[in-house]
Every structure is written in C-alpha cells, then in structure tokens.
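Asker: Residue numbers (full-length UniProt numbering): 1 to 636.
Glycine included, each C-beta is placed from N, C-alpha and C at the ideal position.
None of these values were measured; they are calculated from a predicted model.
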C-alpha cells in the first residue's frame with residue numbers, strides 16, 4: 001500500500017498543500033489563495049476566498065471544452081416506460097432556462113428552494129438551476145409524508161417549492177400536490193410560489209401560488225452562473241436526529257466540488273466519457289453526490305433510474321442497465337442485492353446480459369454483511385468494494401482506493417481511511433484503542449473538504465451533536481475497530497438512529513409519533529436486524545391506565561399513524577403492547593438490551609435495572625409475537 005500510504009500521510013501531515021493540489025481539478029473563476037482556515041469555534045473552512053459556480057464546473061465548462069455533444073444523463077424509467085438522453089449542452093441549456101424561471105420568481109443568491117421530486121431529469125435540472133443562481137436547494141425525498149415535508153419547509157424557509165405532479169412506485173401513482181398542499185398548510189412558514197412539473201401519469205390541479213413548469217420556462221430568459229465563494233452553502237440536506245428533529249446538514253460549494261472530483265478519480269476510477277451508475281435517489285446524500293454532482297464534475301455520464309432493483313420488472317433490472325448503458329462503475333446499497341438474491345438466488349438473470357463493461361461494484365449506505373459480500377464476490381468477475389461514509393461527510397470516509405492503489409478486500413471491512421480522513425478509535429475515556437479493540441469511530445480535525453459546514457440555523461446543535469463528545473474530533477456515531485493490517489471495520493450505530501435499506505431514520509422521531517396517541521402512556525421504538533433491509537423498527541407500547549380498547553386495533557392505529565406522519569419509508573409494521581419496559585433506576589429504557597433480545601442474542605440482567613422481571617415479560621412477548629430471532633435469545 002505504498003502509493004496509498006504516501007498519499008494518505010501527506011493529506012494528514014500537510015493538509016493545506018495536499019488540498020491546494022486537489023483544488024486544481026476544478027475550474028475556478030478565482031482560484032483560492034487561502035486553502036484552510038478555522039472559524040471562531042475551531043471548525044475547518046476550505047477555500048474561503050476562491051470563487052466558482054458548481055453548475056459552471058459540471059456543465060458549462062465541459063461544453064466549453066468540446067464535450068457538449070456527450071450524453072450527460074441517461075434517464076431510464078421502467079415504471080413509466082420512459083427513456084431520455086440529455087447531452088451536456090442540452091442539460092446546460094435546460095438548467096439555464098429553469099434558472100431564469102426561478103429568477104423571475106424572485107430567487108436570488110442565498111435564497112432557499114425546496115425540491116420534492118421523483119427520479120426524473122428535471123430533478124437534476126432544478127438542483128443545478130439553484131446552484132447556477134447561488135441559491136441553496138434542499139431536496140426532500142418524494143416518499144415523505146406532509147408532516148416531514150412541513151418540518152423541512154419550516155426550517156429552511158424556502159422562497160419557492162419545486163415539485164412534480166406525482167411519483168410512480170411500481171404500479172402505484174402517488175399524487176404529490178396534495179402532500180405539498182398539506183405540508184404548506186401545516187407549516188408556519190409559507191413559500192411564495194410552487195413550481196409543478198406536470199407528468200402524464202397524473203396532472204395536478206394548480207392553486208393560487210402554483211406555476212406550471214413548462215409555461216414558466218417558455219417565457220424565461222436563460223440565466224448566467226452567479227459566482228459564489230468556496231465556503232458559500234450549496235445545499236441543505238436533512239438527516240435524522242436522535243431527538244426526532246431532523247438536522248439540516250449544510251454543504252459548502254468549493255470543498256464539496258474538490259472532494260467529489262478527487263473521489264471520482266482515486267476511489268471510483270472513472271475518467272471523462274465513462275458511464276457511472278449510482279442506484280439511489282436524489283433525496284439522499286448518495287444521490288446528491290454520486291448521481292447529480294460528482295459524475296458531471298468529472299465529465300462522466302450519469303444514469304438516472306426511476307425503478308427498483310426488483311419487480312421493475314424483475315431481479316435483472318440492474319444487469320440490464322449496466323449492459324444497455326455500458327456502465328463502468330456501479331454503486332448501490334447492500335439491501336438492493338439482498339432483494340435481488342431473494343428473488344434470483346443463483347443470479348440466473350445476469351446471464352441474459354453482457355456486463356463485461358463493468359469494472360467495479362461499490363456498496364455503501366449500510367454495512368455490507370459478509371454473506372452478501374461473499375454472494376457477490378463469488379458471482380462477479382470484478383472487485384466488490386464496500387465503503388463507508390455519511391450524509392454529514394458527503395463522500396467516502398473509508399474505501400478501497402480503486403483508482404489510486406487497489407487493495408485486497410476483507411469481508412465486513414470498508415478497507416482503509418480515505419486520504420484527508422484521520423480516522424481513530426477511542427474508548428469511553430477518549431483514549432486511543434488498539435488493534436481489534438472496539439470503540440467510538442471518530443475523525444480528528446480538521447475534517448477534509450466536502451464535509452458538513454454546520455447545521456442549518458443551529459450552530460449549537462452542530463457542536464453538541466458532532467464535536468462535543470471528544471474535543472478535537474468529529475463523532476461519527478458509529479462503533480468499530482481497526483485490525484492488525486489497518487483495515488477499518490464499522491460495526492453499527494452507537495445512537496438510536498436505525499438504518500432501513502440504506503436510509504437513516506430516527507427511532508426517537510417514531511417514538512414521538514407513537515407516544516402522541518391518546519391511549520399510549522409510554523413507548524420505545526428499537527431497530528432489529530432484518531435479512532433484507534438491514535434493520536426494521538419495532539414499537540413497544542405501554543397503554544395508559546384504564547385503557548379498555550382492543551389491543552390489536554391500537555397496534556394498527558399506531559402503525560397507520562407512523563405511516564401518515566413519517567411515511568411508508570419507515571417500514572413501521574410491528575407493535576407490541578406490553579405491561580412494562582425494562583429501565584434503569586434513573587428511568588432510562590434499556591434499548592440496547594431490547595435490541596439484543598429481539599436479535600436472538602444472549603442477555604443478562606444489568607445491575608442498574610429497576611425491575612428485573614420486566615426483561616422476562618418483554619422477552620416472552622417478543623417470542624409470542626415472533627419478533628426477529630427473540631426465540632433464540634436466552635438469559636445468562
């Protein structure tokens with residue numbers, strides 16, 4: 001690993017010189033002279049005096065360099081039967097016109113725009129149009145319920161909401177406009193306008209503040225790129241917090257652009273003209289980084305897929321896309337392959353397609369469990385690369401540096417820290433852990449370019465959530481260890497955020513919804529292991545004294561309530577009514593112990609428990625209702 005070690009050490013020992021070199025990958029209007037500085041709180045700020053526009057760097061620049069006729073986007077939608085190709089020149093022109101339309105609605109540099117759209121090319125057009133104006137976009141996943149959208153509108157205070165008339169999930173058409181209207185009604189902050197892309201699957205009825213996308217664009221003049229500082233915000237992306245209130249992760253522009261360009265070459269090993277396919281959604285950080293921005297910054301073609309890994313139409317969907325669009329590098333979540341394995345265990349459908357173009361398969365979003373790794377490793381003729389990162393970091397923290405120096409893989413490991421990330425393992429006292437010793441995974445400051453610049457409108461939460469636990473370090477919230485070879489193993493979350501099919505959702509948020517039911521006295525929501533989705537939530541509920549209703553009816557009401565308030569994406573389908581919950585004497589619910597029981601692990605009675613019999617009661621209830629592998633758990 002000599003090449004990797006040299007690069008990594010330079011990035012840690014000489015961060016300013018290292019990232020000054022990497023900044024040359026980006027076409028700046030004004031190159032930065034100050035590479036790294038620290039704010040009053042001691043947090044790193046990159047390229048503060050440089051000027052650029054990420055839309056220019058990803059679109060206009062490539063057109064100017066003669067790449068205008070190359071496809072920028074392949075859109076493939078088996079759920080609607082649609083396919084489109086947009087070249088770099090076509091994409092630039094559509095973005096400039098839509099930016100002009102937003103400008104006509106009063107959107108200026110620093111204004112916020114909330115985007116609520118499915119996987120259509122116009123979602124990318126809207127994101128780049130915001131960036132072109134220097135406006136800050138906040139994309140909200142189209143599967144979220146009105147309450148979740150309202151929370152984000154209230155926090156971001158967007159001047160405009162951009163939406164589609166509907167989304168398509170399998171054979172279901174989901175109208176978006178009623179969701180948006182309900183969200184705006186619930187929000188104390190009211191946007192000035194809403195732009196609606198009408199889709200032929202369902203036309204929305206427009207109201208007083210609504211504008212038709214097509215009509216608005218037809219009368220708009222193209223807008224030029226607005227220069228922004230390297231440290232100016234590009235977007236806000238909300239991630240679940242353990243308090244139930246989402247955190248608005250703020251991403252800067254210059255550092256993000258540099259980090260993405262660096263990663264496309266050194267991690268994903270793609271060159272201008274290559275095709276890159278990330279099977280995610282623009283509502284998630286993977287979509288922001290590796291569908292929308294990174295591929296086009298690198299001059300690659302990105303695949304925008306409106307479909308699922310299975311049932312659109314079958315478990316061969318990904319293989320078809322790789323073959324049809326000659327994909328060189330493919331990136332998705334392990335849960336997608338677990339779904340494919342369930343339906344096509346021997347991957348017979350893969351044999352129908354020529355995927356010889358594929359050179360590497362990347363997985364992230366959740367831990368790549370060894371059984372899935374081995375299934376893929378036996379199946380594929382290319383490297384299967386697990387890598388680890390977060391919404392907050394925006395790009396990989398640890399990876400196999402496939403484009404720099406490929407390394408042997410180890411099942412269960414994300415390989416090694418990426419240059420720029422000084423990853424360490426600390427015990428509870430903040431002391432370094434040795435090889436094979438588990439602890440909190442932290443990153444020593446300064447964080448490299450591309451990582452979160454703060455929490456929107458809440459600097460105290462930024463510090464308390466990420467920087468306070470271990471001064472001088474960023475707390476990832478994950479536990480793990482290094483082995484003797486320096487390979488990093490991430491073992492799971494140390495907080496109460498669960499990972500459902502690669503999507504991080506807060507159990508605290510679900511508890512707020514469940515606990516609001518008038519019949520519920522107390523509740524706990526835990527994440528338990530699921531072979532397909534990684535984790536699934538289970539609710540444990542204590543009814544109020546005097547409750548005489550039907551327990552089954554109550555459980556169904558609570559499931560429906562979470563679906564309404566958070567959305568189907570929560571996969572909240574199992575509730576147990578219990579008499580008591582195991583707690584410490586101070587009143588803290590022993591959630592980790594509950595998870596261990598549900599996952600079939602041995603469990604003991606901790607000395608801090610207030611009522612030891614409560615453990616047995618919950619254990620028996622879980623076994624009776626067949627929760628997870630609770631039948632295998634035993635007291636020791």
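(1) With DSSP as the reference, please indicate the residues paired to residue 523 in a beta bridge.
(2) Can you tell me whether residue 391 is helix, strand or coil according to DSSP?
(3) DSSP three-state label for residue 399, please.
(4) I need the boundaries of the beta strand (DSSP E) containing residue 360, first residue and last residue.
(5) Given residue 342, which residues of its chain have a CB within under 7 Å of its CB, disregarding the five upstream and five downstream residues?
(6) Can you tell which of 610, 622, 310 has the C-alpha that lies nearest to the C-alpha of residue 601?
(7) Please classify residue 281 as buried or exposed, where buried requires at least 16 neighbouring CB atoms within 10 angstroms.
(8) CB-CB under 6 Å to residue 22, same chain, minus the five flanking residues each way: which ones, in chain order?
(9) Given residue 243, which residues of its chain have a CB within under 7 Å of its CB, disregarding the five upstream and five downstream residues?
(10) Is the region 437–457 close to the region 42–49, with three or more CB pairs under 8 Å?
(11) In three-state DSSP terms, what is residue 172?
(12) Rounded to the nearest angstrom, what separates residue 360 and residue 270 at their Cα positions?
(13) For residue 17, collect the residues of the same chain with a Cβ closer than 7 Å to its Cβ; drop the 5 residues on either side in sequence, then sort them by chain order.
(14) According to DSSP, which residues form a beta bridge with residue 576?
(15) For residue 637, which residues from the same chain have a beta carbon less than 8 Å from its beta carbon, with the 5 sequence-adjacent residues on both sides left out?
(16) Please go through the region 466–508 and give each complete beta strand (DSSP E) segment of 3 or more residues, from N-terminal end onward.
(17) Is DSSP giving residue 212 helix, strand or coil here?
(18) Measure the CB-CB distance between residue 11 and residue 420 and report whether it falls below 7 Å.
(19) Helix, strand or coil for residue 72 per DSSP?
(20) Going by other Cβ atoms of all chains shown within 10 Å of its Cβ, with 16 needed for buried, is residue 109 buried or exposed?
(21) Go through its chain and collect everything with a Cβ distance to residue 576's Cβ below 6 Å, but skip five positions before and after it.
(22) Take the Cβ of residue 276 as the centre, count every other Cβ of all protein chains shown within 10 Å, and call the residue buried at 16 or more, exposed below.
(23) Roughly how many angstroms lie between the CA atoms of residue 130 and residue 293, to the nearest whole one?
(24) Taking the straight line between their C-alpha atoms, what separation do you get for residue 279 and residue 291?
(25) Whole angstroms is fine: what's the gap from residue 246's alpha carbon to residue 144's?
Answerer: So, from the listed chains and residues:
(1) 541
(2) coil
(3) strand
(4) Taken as a continuous stretch (DSSP letters only), the beta strand (DSSP E) holding residue 360 covers 360–363.
(5) 532
(6) 622
(7) buried
(8) 258, 262
(9) Residue confidence for residue 243 is low, a pLDDT of 49 falling below 50, so the modelled location carries little weight; the figure read from the coordinates is stated next. These residues qualify, in order along the chain: 508.
(10) yes
(11) strand
(12) 10 Å
(13) none
(14) 540
(15) Residue 637 lies beyond the stretch modelled for the chain, which goes from 1 to 636, so this question has no answer here.
(16) 473–482, 488–493, 497–500, 503–506
(17) strand
(18) Yes.
(19) For residue 72, the secondary structure class from DSSP, reduced to helix, strand or coil, is strand.
(20) exposed
(21) 540, 621, 625
(22) Burial call: buried.
(23) Between the C-alpha atoms of residue 130 and residue 293 there is a straight-line separation of about 13 Å.
(24) 8 Å
(25) 13 Å
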